[in-house]
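In full-length UniProt numbering, the protein residues as written are 1 to 447. By construction, the Cβ of each residue, glycine as well, lies at the ideal position given by its N, Cα and C atoms. Written below as structure tokens is the structure these notes are about.
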């Protein structure tokens with residue numbers, strides 16, 4: 001028996017925080033959460049002293065990329081290498097994410113199973129094998145789609161274990177992927193490597209927040225190029241052409257794929273995950289009114305100002321079946337891709353976030369624990385409520401993602417984190433199925 005003794009237990013239900021509690025684990029199951037260990041034969045138990053520490057459920061990261069050895073993003077880009085995928089999974093593990101759902105929806109279940117054999121993190125997937133998603137991928141990239149991917153159907157994916165439709169729109173709708181396709185085209189045409197911030201500055205100067213084709217003005221773009229250090233690299237006309245080409249070669253097709261995905265979600269009664277940014281929010285808001293039981297506008301803090309995020313969030317909150325996702329990105333560390341954390345915390349404070357995830361940030365997303373600690377410290381949500389957004393809420397929003405997981409409760413599977421308290425971003429141990437798989441920043445499993 002494994003005993004986590006004298007812990008602060010945040011059980012994942014959104015309300016409960018117990019002090020001086022003990023979590024008892026037998027094999028892979030939680031057999032009790034109690035304040036008393038009277039009668040326990042400690043000689044037959046492994047005792048983990050959790051004084052000054054908290055025990056949390058393993059976090060469920062329902063929106064991430066590059067966790068399966070298969071096509072990348074909704075644009076069907078070439079698969080990342082085996083080592084890159086395993087490194088990404090290790091990153092999730094060392095961040096306390098014991099279950100992940102990849103939203104690179106063109107992977108196959110065979111690819112999911114092959115990846116799962118190599119890593120202890122529980123891997124789930126969403127799927128986007130629908131005609132208009134294939135069309136959008138072909139226009140945007142499609143280099144990672146071979147004959148087996150093109151022959152796959154959504155029906156077969158769902159029958160074989162995929163648990164949602166999504167992500168529809170990644171890598172193609174907001175500027176063709178602000179830190180993928182715009183930088184790639186600048187590199188090809190000018191031989192210069194640009195940052196995600198420079199890429200997004202190009203996009204905003206040409207199309208504005210709402211991806212408006214009529215927004216372009218030469219003087220505005222020239223000023224933006226000066227401000228982001230690209231005046232000597234691109235003319236306003238070159239900037240305009242790159243943004244137009246990476247965006248509108250696929251933008252309309254990608255939005256058509258949104259409606260097709262929602263119709264399929266209604267037909268099969270499965271959650272649908274849509275890429276949600278200012279350039280897609282009007283379509284996301286329109287489709288939220290369709291009555292899908294589990295409609296997930298993803299990373300709803302992405303690229304929005306605080307006021308824009310609140311406005312979009314309130315409109316979405318009014319609709320049936322909407323679970324609003326917020327992502328930590330790299331907002332709590334390098335902040336090269338992610339927005340300022342105030343967008344996320346303000347949305348939490350206003351009750352406009354149901355789910356927490358990481359998204360990708362070029363493979364450098366922060367731990368959800370960092371977001372949880374910051375949100376609680378700012379008073380935007382209680383610690384139990386913030387933890388629930390990354391655990392039990394996810395299990396409710398996406399049935400099948402984590403059966404028997406997401407809570408520290410008798411009868412649940414022992415996917416558990418030991419963290420400092422109240423500095424919960426300081427992760428000490430990770431258990432999956434009662435087995436220690438990471439400790440003090442190092443993995444404890446054999447590849």
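Going by C-alpha to C-alpha distance, which of 134, 359 and 33 sits closest to residue 338?
The option with the nearest alpha carbon to residue 338 is 359.
Measuring straight from C-alpha to C-alpha, what distance separates residue 76 and residue 161?
20 Å
Taking the straight line between their C-alpha atoms, what separation do you get for residue 6 and residue 430?
Rounded to the nearest whole angstrom, the CA to CA distance from residue 6 to residue 430 is 17 Å.
Meets three-Cβ-pair contact criterion under 8 Å: the stretch 26-40 and the stretch 397-414:
yes
So residue 69 and residue 98 are supposed to be a Cβ contact under 8 Å. How far apart are they, rounded?
Between the beta-carbon of residue 69 and that of residue 98 there is about 20 Å, and that puts the pair past the 8 Å contact cut.
Hey, residue 449 and residue 371: beta-carbon distance below 9 Å or not?
Shown here, the chain extends from 1 to 447; a query on residue 449 therefore has no answer.
Report the three-state DSSP secondary structure of residue 70 (helix, strand or coil).
coil
Once DSSP output is grouped into helix, strand and coil, what is the label at residue 175?
With a pLDDT of 43 at residue 175, under the threshold of 50, the modelled position of this residue cannot be trusted, and the question is left open.
Who are the near neighbours of residue 174 in its chain, counting only those whose CB is closer than 6 Å to its CB and skipping five residues on each side?
Note on residue 174: pLDDT 45, under 50, position unreliable in the model; no value is reported.
Checking 9 Å against the spacing of the C-beta atoms, do residue 416 and residue 57 come in under that value?
yes
Jot down the residue ranges of each uninterrupted beta strand (DSSP E) in the stretch 41-120, minimum 3 residues, whole runs only, in chain order.
46-49, 53-57, 59-64 and 97-102
Taking the alpha-carbon positions, what's the residue 152 to residue 110 distance?
11 Å
Counted within 10 angstroms of its Cβ, other Cβ atoms place residue 118 as buried (16 or more) or exposed
Residue 118 counts as exposed, since fewer than 16 other beta carbons sit within 10 angstroms of its beta carbon.
Is it the case that the stretch 264-275 contacts the stretch 307-319, given that we only count it when at least three CB pairs across the two stretches are under 8 Å?
The stretch 307-319, when compared against the stretch 264-275, does not touch it at the 8 Å Cβ threshold.
Where residue 156 sits in the DSSP three-state scheme:
helix
Backbone secondary structure at residue 331 - three-state DSSP
coil
If you drop the 5 nearest sequence neighbours on each side, which residues of the same chain put their C-beta closer than 6 Å to that of residue 194?
183 and 186
DSSP three-state label for residue 149, please.
helix
Report back the beta-carbon spacing between residue 353 and residue 324 to the nearest angstrom; my notes put them in contact at under 8 Å.
6 Å
With DSSP collapsed to three states, give me the class of residue 446.
coil
C-alpha gap between residue 229 and residue 418, whole angstroms:
45 Å
I'd like to check one pair, residue 250 with residue 203: are the Cβ atoms closer than 9 Å?
Going by beta carbons, residue 203 and residue 250 fall outside the 9 Å limit.
Suppose you measure from the CA of residue 320 to the CA of residue 80; what does that come to, to the nearest Å?
37 Å
Looking at residue 112: is its Cβ nearer than 9 Å to the Cβ of residue 105?
no
Which of the three DSSP states, helix, strand or coil, is assigned to residue 297?
strand
By alpha-carbon positions, which one of 306, 363, 308 and 312 ends up nearest to residue 330?
363
Every unbroken beta strand (DSSP E) inside the stretch 359-423 [3 residues or more]
416-420
Does the pairing of the stretch 419-429 with the stretch 139-154 give three or more beta-carbon distances under 8 Å?
Judged by Cβ distances under 8 Å, the stretch 419-429 makes no contact with the stretch 139-154, as fewer than three pairs qualify.
Taking a contact to mean a Cβ-Cβ separation below 9 Å, would you say residue 166 touches residue 274 in this structure?
yes
By alpha-carbon positions, which one of 271, 332, 139 and 256 ends up nearest to residue 246?
139
Per DSSP, residue 21 forms a beta bridge with which residues?
7
Does DSSP put residue 429 in a helix, a strand or coil?
strand
Between the alpha carbons of residue 269 and residue 292, how many angstroms are there, rounded?
8 Å
Identity of the residues DSSP links to residue 34 by a beta bridge:
Residue pairing by DSSP puts residue 34 in a beta bridge opposite 22.
Kindly give me the distance between the Cβ atoms of residue 135 and residue 226, rounded to whole angstroms, as I take these residues to be in contact under 8 Å.
No, residue 135 and residue 226 are not in contact; Cβ-Cβ is about 38 Å, not under 8 Å.
Against chain C, does residue 259 count as a neighbour if the rule is that its beta carbon must be under 9 Å from one of theirs?
The chain labelled as chain C is not found in the depicted structure, where only one protein chain is given.
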